[in-house]
Amino acid sequence: MRLLPCLFLLAACPSTDAVEPAAETPDLSGDYTLVFAQANTECLPPEHTFVDIFGFLKDVDDGTPVTTATFAQEGSQLAITLHSNDCTLEGGVGEAGAFNASGPCDDAAMNRLISAQGDASRSGLAGWAIDATATFDVDSGDGLGGPPDGIVDCVVTEVDITGTGARSD
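Under this note's numbering, the residue at position 149 of the sequence shown is numbered 645, and the numbers go up by one with no gaps.
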């Protein structure tokens, strides 16, 4: 009969499995500085130079494609505006800071369709560190000296994007 009180005590003890609160989507809204580093590409000279491919970013001539950007977020929807060319990539943010965004980033010489995915992690008290990769579909022209013709010429298959930013209140 001693077993019965022991079973009662075990049943009365709360479970040691803690219920975790639902994860929230972090707000990445703010101003960032982003550095782009080409890791792999099908777009090779002489048809497609590094400066041409990354010409929509600042400081390409010195070998470091950089831009400032604004991340605007509404719920889980994300818009990233690259200030160097005023192009906007649209996508979303998930739990724990995973994000994706894509969109055109064109100039007179080249059309680019950029797709990026990455993670944001806390940096400092109010900032975020960005670690992402991207691909670019590149359309550089019709081959006769004319503007881009809507046919993808090559793909920049891997671009590493890193940076930091914080809310700008």
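Glycine residues also receive a C-beta, built at the ideal position from the N, C-alpha and C atoms.
1) Measure the C-alpha to C-alpha separation of HIS544 and ASP558 and round it to an integer number of angstroms.
2) At which residues does the beta strand (DSSP E) containing ILE576 begin and terminate?
3) Out of curiosity, what's the CA-to-CA distance linking ILE549 and ARG663?
4) Helix, strand or coil, according to DSSP, for ASP591 in the structure here?
5) Can you tell which of GLY588, CYS650, SER572, ASP627 has the C-alpha that lies nearest to the C-alpha of VAL634?
6) I'd like the list of long-range same chain contacts for VAL556, defined as Cβ closer than 7 Å, with 5 residues on each side in sequence excluded.
7) Could you tell me if ARG608 is buried or exposed, where buried requires 16 or more neighbouring beta carbons within 10 angstroms of its beta carbon?
8) Bridge partners for GLU520 per DSSP, in chain order?
9) Give me whichever residues DSSP pairs with ARG608 in a beta bridge.
10) Rounded to whole angstroms, what is the Cα-Cα separation between ALA597 and THR653?
To lay it out plainly:
1) Between HIS544 and ASP558, the C-alpha separation is close to 17 Å.
2) Run containing ILE576: 573-578, per the beta strand (DSSP E) assignment.
3) Their Cα atoms are separated by approximately 30 Å.
4) Correcting the residue identity first, residue 591 is Glu in this sequence and not Asp. GLU591 falls in the helix class under three-state DSSP.
5) The option with the nearest alpha carbon to VAL634 is CYS650.
6) Cβ neighbours of VAL556 beyond the five flanking positions: VAL547, PHE550.
7) By the neighbour-count rule (16 or more Cβ atoms within 10 Å), ARG608 is buried.
8) Its beta-bridge partners do not exist; DSSP assigns none.
9) Answer is VAL634, bridged to ARG608.
10) Those two C-alpha atoms are separated by around 16 Å.
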